[in-house]
Amino acid sequence: MPNMDINKSNAMHAEEIKCLANQAFAAHKYVRAIDLYTQAIELNNQNAVYWANRAFAHMKLEEYGSALEDASKAIEVNSRYFKGYYRRGAAYLAMGKFKEALKDFQQLKKMCPKDPDTIKKLKECEKAIVKLNFEEAIAAPVPQTDSSVNSIDFHPVGKGSSSTSLPTQMAIIAAAVATTAIAVSTLSAKVATLVAAIAVVVLIIMGTRWWGGSEGGINANTLDVEPQYSGARIEGDIITLGFVKKMMDDFKNQKSLHKRYVFQILQQAKKIFKALPSLVDITIPEGKRLTVCGDVHGQFYDLLNIFELNGLPSEGNPYLFNGDFVDRGSFSLEVILTLFAVKCMSPSAIHLSRGNHESKSMNKMYGFEGEVKTKLNETFVELFSEVFCCLPLAYVLNKKVFVVHGGLFSDDGVKLSDIRAINRFREPPEEGLMSELLWSDPQPYLGRGPSKRGVGLSFGEDVTKRFLQDNNLDLLVRSHEVKDEGYEIEHDGKLITVFSAPNYCDQMGNKGAFIHFEAPDMKPNIVTFSAVPHPDVKPMAYANFFQFFQ
């Protein structure tokens with residue numbers, strides 16, 4: 149009987165803590181909410197609601213691996229608790245595991261057959277998965293030497309046979325048929341019918357392009373600059389400061405840059421980045437400084453504020469932007485074109501490292517692909533992907549400071565020479581050094597642990613110190629995580645996280661930060677700043693597939 153009283157007392161106390169956690173969640177204090185839900189779970193781990201709620205808080209912090217574990221635990225505790233399936237399905241989606249997500253939403257439909265929200269989300273999920281699978285199926289392999297650049301013409305071309313080869317055409321037809329067959333065998337009748345209809349439409353369109361002689365890329369008509377165009381112009385091949393300032397001012401006023409000049413920026417940027425090693429050494433002269441910024445995530449007006457506070461990039465005021473320039477924020481195109489244009493104008497004025505969001509899979513889910521298709525067209529999606537694959541993975545400042553987007557490795561003994569040797573000209577793999585550089589996170593305890601994101605790993609203070617010691621370095625600077633103050637110093641002062649997207653996604657309430665490093669001592673001087681207003685375009689506005697799960 150005494151044990152039952154204790155259990156009842158624990159359960160009541162757990163409910164009180166859950167209420168506090170819910171309040172923290174409503175105030176967008178997700179780290180605090182997770183801590184409180186954890187306390188409730190410690191008092192009563194047989195309440196599925198606590199696990200599911202903590203899963204939702206983890207998702208808000210993009211900790212999808214942890215969200216998946218918590219949602220699965222909620223289902224284990226109570227297999228009839230429908231929100232467990234909902235949270236797990238959303239976590240699978242965020243990780244790109246679409247088949248697993250579909251299973252959870254199908255189970256949810258069985259449990260709540262008349263719930264309109266469940267029905268809507270299942271249908272949207274099915275449509276999105278069909279679309280993604282079909283796009284994958286018809287994407288013909290492109291030779292390593294081919295490029296989207298080759299499909300963009302500056303000069304008139306006569307009608308003629310398409311460059312798409314007969315084997316490629318047959319492969320696309322076969323893929324369309326195979327996709328339809330799979331849909332018929334695995335999806336509902338209505339969805340299978342939809343797949344078949346899409347297949348027919350796509351094949352008609354592709355057939356028109358193949359046999360009608362029309363070029364699949366951008367033709368001269370779309371790249372000719374119309375007389376009425378009043379935006380920024382590149383004269384010849386030289387990108388000047390005047391052009392960059394005019395372009396940024398146009399973007400600020402929600403005007404667009406002509407496709408011709410977008411193409412020129414991407415063409416030049418790709419050439420510059422491709423010539424760089426995977427690990428770039430930067431030397432900062434004595435008495436000079438370099439500014440390191442973290443994630444910007446499409447928050448263009450906050451990028452302008454950084455330049456207002458800290459000065460425009462120049463040879464005398466260089467910057468290093470540490471990945472995740474795009475996605476989430478709905479001005480990602482403006483952000484990336486500004487950074488690329490400055491790089492083309494003055495390569496030593498700005499340095500860019502690749503983040504985990506500079507990849508096709510992330511861009512497809514989190515908005516950049518949709519934004520580029522809306523503001524430009526589909527050919528530019530592929531061209532941006534090509535440039536992203538050329539971005540360096542890490543930097544070393546004055547042989548003292550290691551800068552990388554994510555973090556460290558699953559094994560000790562990794563040397564800077566190993567990072568230099570990485571073949572980065574590809575989409576990020578699911579494991580290995582490249583993946584860990586882009587995805588890993590620090591943890592407050594020693595050793596290594598599973599990733600809260602489901603990719604990469606978590607690494608402790610001892611791992612950080614061994615890596616720095618092995619490579620004669622003083623400090624690790626990384627980004628990748630939103631922080632309330634815009635930064636966080638961890639691992640006995642040997643690791644700094646810097647995040648430069650204040651009030652992330654218009655809801656986190658965090659500050660942004662950047663770090664000055666001045667030679668010769670290279671001690672970090674951290675500057676924080678707050679968010680500035682922006683036009684009323686919501687985050688994830690172009691992420692038609694994933695936004696309704698947020």
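Its first residue numbered 149, the sequence shown is counted upward by one per residue in the working numbering.
Virtual Cβ for every residue (Gly too), placed ideally from N, Cα, C.
Range of the contiguous alpha helix (DSSP H) that encloses residue i
{"i": "tyrosine 198", "result": "196-208"}
{"i": "alanine 242", "result": "230-242"}
{"i": "cysteine 492", "result": "480-493"}
{"i": "isoleucine 223", "result": "212-225"}
{"i": "aspartate 450", "result": "448-458"}
{"i": "arginine 476", "result": "From DSSP, arginine 476 is part of no alpha helix (DSSP H); its letter is neither H nor E."}
{"i": "threonine 522", "result": "516-523"}
{"i": "threonine 386", "result": "The sequence as given places isoleucine at residue 386; threonine does not occur at that position. From DSSP, isoleucine 386 is part of no alpha helix (DSSP H); its letter is neither H nor E."}
{"i": "isoleucine 498", "result": "Here isoleucine 498 belongs to no alpha helix (DSSP H); instead the beta strand (DSSP E) covers 498-500."}
{"i": "aspartate 183", "result": "178-191"}
{"i": "arginine 437", "result": "No alpha helix (DSSP H) contains arginine 437, which is instead part of the beta strand (DSSP E) from 437-441."}
Range of the contiguous beta strand (DSSP E) that encloses residue i
{"i": "cysteine 260", "result": "Taken as a continuous stretch (DSSP letters only), cysteine 260 belongs to no beta strand (DSSP E), as it is neither H nor E."}
{"i": "glutamate 666", "result": "660-666"}
{"i": "tyrosine 652", "result": "That residue, tyrosine 652, is in no beta strand (DSSP E); it is neither H nor E in DSSP."}
Cβ pair residue i, residue j closer than 8 Å
{"i": "glycine 471", "j": "arginine 502", "result": "yes"}
{"i": "serine 648", "j": "glycine 657", "result": "no"}
{"i": "leucine 624", "j": "phenylalanine 550", "result": "yes"}
{"i": "phenylalanine 455", "j": "phenylalanine 479", "result": "no"}
{"i": "histidine 664", "j": "arginine 437", "result": "yes"}
{"i": "alanine 231", "j": "phenylalanine 253", "result": "The sequence shown places lysine at residue 231, rather than the alanine named in the question. It is not a contact, given that the beta carbons lie outside the stated cut-off."}
{"i": "arginine 476", "j": "proline 681", "result": "no"}
{"i": "alanine 691", "j": "methionine 513", "result": "yes"}
{"i": "leucine 701", "j": "valine 410", "result": "It is not possible to answer for residue 701, since the shown part of the chain is limited to 149 through 698."}
{"i": "alanine 615", "j": "leucine 556", "result": "Before going further, note that residue 615 is phenylalanine rather than alanine in the sequence given. For phenylalanine 615 and leucine 556, yes; Cβs fall inside 8 Å."}
{"i": "alanine 205", "j": "isoleucine 189", "result": "no"}
{"i": "histidine 445", "j": "histidine 553", "result": "no"}
{"i": "alanine 112", "j": "asparagine 201", "result": "The structure shown has nothing for residue 112, since the chain only spans 149 to 698."}
{"i": "serine 583", "j": "proline 577", "result": "yes"}
{"i": "leucine 581", "j": "aspartate 566", "result": "yes"}
{"i": "lysine 491", "j": "isoleucine 420", "result": "yes"}
Buried versus exposed call for residue i [16 or more other C-beta atoms within 10 Å across all chains shown]
{"i": "proline 668", "result": "exposed"}
{"i": "alanine 203", "result": "buried"}
{"i": "glutamine 292", "result": "In this prediction, glutamine 292 scores a pLDDT of 48, lower than 50, which makes its location untrustworthy; the coordinate-derived value is nonetheless stated afterwards. By the 10 Å Cβ count, glutamine 292 comes out exposed."}
{"i": "valine 290", "result": "Bear in mind that the predicted position of valine 290 carries a pLDDT of just 44, short of 50, making it unreliable; the figure below should be weighed with that in mind. Exposed is the call here."}
{"i": "methionine 442", "result": "The question names methionine, but residue 442 in the sequence shown is glycine. Buried, because 16 or more other Cβ atoms sit within 10 Å of the Cβ of glycine 442."}
{"i": "isoleucine 165", "result": "buried"}
{"i": "glycine 602", "result": "buried"}
{"i": "glutamate 217", "result": "buried"}
{"i": "threonine 431", "result": "exposed"}
{"i": "glutamine 412", "result": "buried"}
{"i": "phenylalanine 573", "result": "exposed"}
{"i": "proline 433", "result": "exposed"}
{"i": "aspartate 589", "result": "buried"}
{"i": "glutamate 579", "result": "exposed"}
{"i": "glutamate 575", "result": "exposed"}
{"i": "glutamine 402", "result": "exposed"}
{"i": "leucine 457", "result": "exposed"}
Neighbourhood of residue i by C-beta distance below 8 Å, restricted to the same chain and skipping five residues each side
{"i": "methionine 493", "result": "Ile387, Thr388, Leu389, Phe391 and Val392"}
{"i": "lysine 114", "result": "Beyond the ends of the chain as shown, which are 149 and 698, falls residue 114; an answer cannot be given."}
{"i": "glycine 244", "result": "Ser509 and Met513"}
{"i": "leucine 168", "result": "Leu184"}
{"i": "serine 678", "result": "Pro650, Asn651, Lys659 and Gly660"}
{"i": "valine 197", "result": "Lys166, Ala222, Tyr229 and Lys231"}
{"i": "lysine 257", "result": "Thr266, Ile267 and Leu270"}
{"i": "isoleucine 277", "result": "Phe246, Lys247, Ala249 and Leu250"}
{"i": "asparagine 151", "result": "Confidence is the limiting factor: at asparagine 151 the pLDDT is only 48, short of 50, which leaves the residue's position unreliable, though a coordinate-based value still follows. Here the set comprises nothing."}
{"i": "alanine 172", "result": "Tyr178, Arg180, Ala181 and Leu184"}
Assumed close pair residue i, residue j - CB separation to whole angstroms, cut-off 8 Å
{"i": "phenylalanine 469", "j": "leucine 500", "result": "5 Å"}
{"i": "glycine 608", "j": "threonine 676", "result": "At roughly 26 Å, the Cβ-Cβ gap does not stay under 8 Å, so glycine 608 and threonine 676 are not in contact."}
{"i": "leucine 481", "j": "glutamate 519", "result": "6 Å"}
{"i": "leucine 564", "j": "valine 544", "result": "7 Å"}
{"i": "lysine 394", "j": "alanine 380", "result": "4 Å"}
{"i": "proline 461", "j": "alanine 497", "result": "4 Å"}
{"i": "leucine 405", "j": "aspartate 398", "result": "7 Å"}
Any chain C beta carbon closer than 8 Å to residue i
{"i": "isoleucine 644", "result": "Judged by its chain identifiers, the structure shown contains no chain C, having just a single protein chain."}
Chain-order list of residues whose beta-carbon lies under 7 Å from that of residue i (same chain, five-residue window excluded)
{"i": "serine 220", "result": "Arg236"}
{"i": "leucine 594", "result": "Gly608, Glu609 and Asp610"}
{"i": "histidine 161", "result": "Leu191"}
{"i": "lysine 631", "result": "Thr645, Phe647 and Asn658"}
Any non-hydrogen atom of the ligand HEM within 7 Å of residue i CB
{"i": "histidine 682", "result": "Looking for the ligand HEM in the displayed structure turns up nothing, as the structure carries no ligands at all."}
Own chain, CB closer than 6 Å to residue i, minus 5 neighbours either side, in chain order
{"i": "leucine 209", "result": "Tyr178"}
{"i": "glutamate 666", "result": "Arg437"}
{"i": "glutamate 636", "result": "Thr645"}
{"i": "asparagine 511", "result": "Glu517"}
{"i": "glycine 213", "result": "Ser599, Lys600, Arg601 and Gly602"}
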